[in-house]
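Chains as they are written, first to last, in the working numbering: chain C, 2 to 580; chain D, 44 to 125. Ideal Cβ placement from N, Cα and C applies to all residues, glycine included. In this text the structure is predicted, and so the values were computed from the model without any measurement.
Structural data, given as structure tokens:
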């Protein structure tokens with residue numbers, strides 16, 4: 002395997018220079034240096050991201066450059082963003098909402114989303130982003146689990162996905178609709194913001210006050226709401242600087258949607274805390290548009306995802322011809338493991354390799370990374386970040402045993418970093434299960450090599466990773482069995498060269514129903530309506546029976562092994578086989 | 044093959060990729076991603092299906108040329124006659 006060596010220049014300019022590392026310092030210490038804080042040991046993410054920069058004389062710096070779908074370009078300064086978010090915070094107070102209230106946002110990448118996120122945090126309330134392309138079911142489930150008090154969305158999304166059940170979420174008090182008019186029972190955000198005062202003092206939240214709830218999928222049961230606190234900003238600041246090279250004034254583009262944790266942590270909070278100028282593109286992936294943005298906006302730091310990178314590869318090097326990428330300084334990727342070919346390809350085409358890194362919703366920030374000053378072994382996720390201790394462990398006699406280099410086991414972290422989740426909402430037992438013998442267990446299988454680089458091997462459970470999104474099979478199966486013809490369903494991830502994995506479902510039918518192409522489409526159509534395209538299966542196959550254990554549990558693992566032509570492993574608990 | 048036949052093929056392949064979309068509800072100027080909510084993986088599936096059905100391969104850089112049914116018909120008709 003080749004290694005991409007770093008030049009002395011890379012090592013000299015990198016934010017984090019491991020070679021010069023003296024005494025090991027904690028993530029708390031490193032993060033604190035980058036922040037201002039509020040009196041009384043208070044800390045507020047929204048204040049750190051915008052207000053303090055204005056107080057410190059940087060109000061005129063551009064915070065966001067928003068590129069609309071219709072090619073409008075709007076630059077918003079830190080002062081303007083501070084005012085917009087203050088108006089939003091005041092608006093929440095006007096409606097009687099108080100510290101700790103839960104504010105959900107489901108909308109595309111528009112400036113109002115950023116004002117809402119930051120205003121919520123400044124107001125001491127709790128922000129939850131939802132992926133706007135989710136179908137009504139995932140949106141409703143998450144709002145119910147999260148006891149949503151406020152929803153910010155667009156008129157179109159509201160009518161199509163929310164209006165029908167809105168009154169059935171008892172906690173929901175206020176629905177804000179982007180634009181100048183709103184359906185009945187909702188408030189138009191445009192005029193409401195205009196009426197609100199642009200002055201607001203950020204609430205003096207304490208380090209352990211909840212700030213963010215990010216939902217993630219479970220193998221069984223409902224999605225889990227991972228709760229993060231205001232202290233997480235220490236790690237957002239530090240990891241943005243040391244893993245992504247975010248420094249004041251640089252132009253940075255994170256292509257992730259804020260509906261997912263990457264798009265919030267590294268698409269809103271970390272870059273603004275580090276006072277960069279962020280590019281926000283409202284449109285979906287489009288090759289020429291993306292290359293054009295890199296050129297026209299002189300993007301220096303680019304954080305993207307394997308699915309998009311592989312789409313660029315499909316188009317080939319010739320699609321990049323005629324574009325000027327000379328402003329680029331550092332490229333990073335997250336979401337799922339980046340294949341070695343993609344790292345090497347980007348090095349050839351952009352003159353810079355994509356730096357893969359690894360983290361999860363639960364970790365709240367990048368834990369293991371390929372960084373600027375470190376040689377890259379393509380295909381590896383890199384080495385643990387400063388202040389982070391990672392290991393490979395195996396369950397052994399009821400305890401955990403740490404494995405040596407070259408051995409495959411579960412990737413685990415020593416708890417205690419600032420952005421670690423503090424609980425799963427209403428599910429303390431599920432949270433407690435993530436920890437054992439002083440380790441946080443990630444659920445990912447990995448290996449560490451003799452040089453200390455970590456390599457992803459697979460998931461330890463049945464979760465599906467598609468286009469960087471973690472999909473719970475249970476959520477998919479629940480939607481499938483809502484179809485009148487479907488008796489049982491099992492969802493697995495099958496390899497896909499672009500998306501990493503795509504969802505495939507196996508279903509059995511109720512008596513009297515006959516498999517057909519039309520029925521397959523009907524079931525898939527219902528799943529897409531309920532779940533949205535990103536979560537619904539891309540393929541459904543019919544079976545007479547599904548493989549089950551004696552206790553009646555469907556053995557997804559067995560379906561997957563058969564799909565991939567892998568050994569079937571231990572099938573001693575198999576009671577009914579697939580037919 | 045005339046434009047109406049190409050249109051029927053485009054709509055039927057969209058329906059196969061995204062069966063939640065009823066071809067009768069689709070307007071010629073609906074944007075596949077913004078209005079019909081196809082995601083980028085759906086677009087790839089559609090491109091593959093159109094290739095299998097019509098023998099026309101659509102390079103990545105030309106995906107914007109098929110982002111509405113009307114544009115797709117124009118683009119494919121051009122390829123068939125050209």
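Per DSSP, reduced to three states, the secondary structure at residue 197(C) is coil, with no helix or strand assignment. In this structure, residue 68(C) keeps its C-beta atom at 8 Å or more from the C-beta atom of residue 302(C). When DSSP reads this structure, residue 460(C) sits in a beta bridge with 445(C). Taking 3 residues as the minimum length, the beta strand (DSSP E) runs contained wholly in the segment 493-525 of chain C are 501-510, in order along the chain.
The residues 365, 419 and 420, in chain order, have a CB closer than 6 Å to that of residue 233(C) in the same chain once the five nearest residues on each side in sequence are set aside. Taking 9 Å as the Cβ-Cβ cut-off, the segment 464-488 of chain C approaches chain D at 467 and 468, given in chain order. For residue 59(D), the neighbours in chain C by C-beta distance under 8 Å run, in chain order, 522. Within the segment 45-124 of chain C, the alpha helix (DSSP H) runs of at least 4 residues that lie entirely inside it are, in chain order, 53-56, 79-95 and 112-123. Proximity of residue 500(C) to chain D, defined by a Cβ-Cβ separation below 8 Å, is satisfied. Only exposed fits residue 436(C), as fewer than 16 other CB atoms lie within 10 angstroms of its CB.
Residue 377(C) is bridged by DSSP to 5(C). Taking 8 Å as the threshold, the shortest C-beta distance from residue 289(C) to chain D falls below it. Counting along the chain, residue 89(D) sits inside the alpha helix (DSSP H) bounded by residues 83-97. Around residue 542(C), no beta-carbon contact reaches into chain D at under 7 Å, the shortest distance being about 15 Å. Taking a Cβ-Cβ cut-off of 8 Å, the neighbours of residue 286(C) in chain D comprise 83, given in sequence order. Between residue 73(D) and residue 79(D), the CB-CB gap stays under 8 Å. Against chain C, the beta carbon of residue 119(D) has no neighbour under 9 Å; the closest one sits roughly 19 Å away.
At the C-beta level, residue 112(C) and residue 77(C) come within 8 Å of one another. Residue 408(C) and residue 515(C) have their C-alpha atoms spaced approximately 48 Å apart. Taken atom to atom, the span from the alpha-carbon of residue 329(C) to that of residue 300(C) is near 6 Å.
Burial of residue 278(C) is indicated by the presence of at least 16 other C-beta atoms within 10 angstroms of its C-beta. Not flagged as an interface residue toward chain D: residue 225(C), since no C-beta distance is shorter than 8 Å.
DSSP links residue 543(C) through a beta bridge to 508(C). As the crow flies, the alpha-carbon of residue 337(C) is around 15 Å from that of residue 312(C). Among the CB atoms of chain D, one or more fall inside 8 Å of the CB of residue 525(C). Residue 205(C): not part of any beta strand (DSSP E); DSSP gives it neither H nor E. DSSP, reduced to helix, strand and coil, places residue 437(C) within a strand of the structure shown.
Under the three-state reduction of DSSP, residue 243(C) is assigned to helix. In the DSSP assignment, residue 346(C) falls within the alpha helix (DSSP H) that extends over 341-351. Chain C places no beta carbon closer than 8 Å to that of residue 113(D), leaving this residue out of the contacts. At least one C-beta of chain C is nearer than 8 Å to the C-beta of residue 87(D). When DSSP states are grouped into helix, strand and coil, residue 291(C) belongs to the helix group. The contact set of residue 80(D) on chain C, defined by CB atoms closer than 7 Å, consists of 134 and 534 in chain order. Every beta strand (DSSP E) of 3 residues or more that sits fully in the segment 243-328 of chain C is shown, in chain order, as 252-255, 278-282 and 302-305. Going by DSSP, residue 229(C) is part of the beta strand (DSSP E) stretching over 225-230. Between the alpha carbons of residue 550(C) and residue 578(C) lies a gap of roughly 9 Å.
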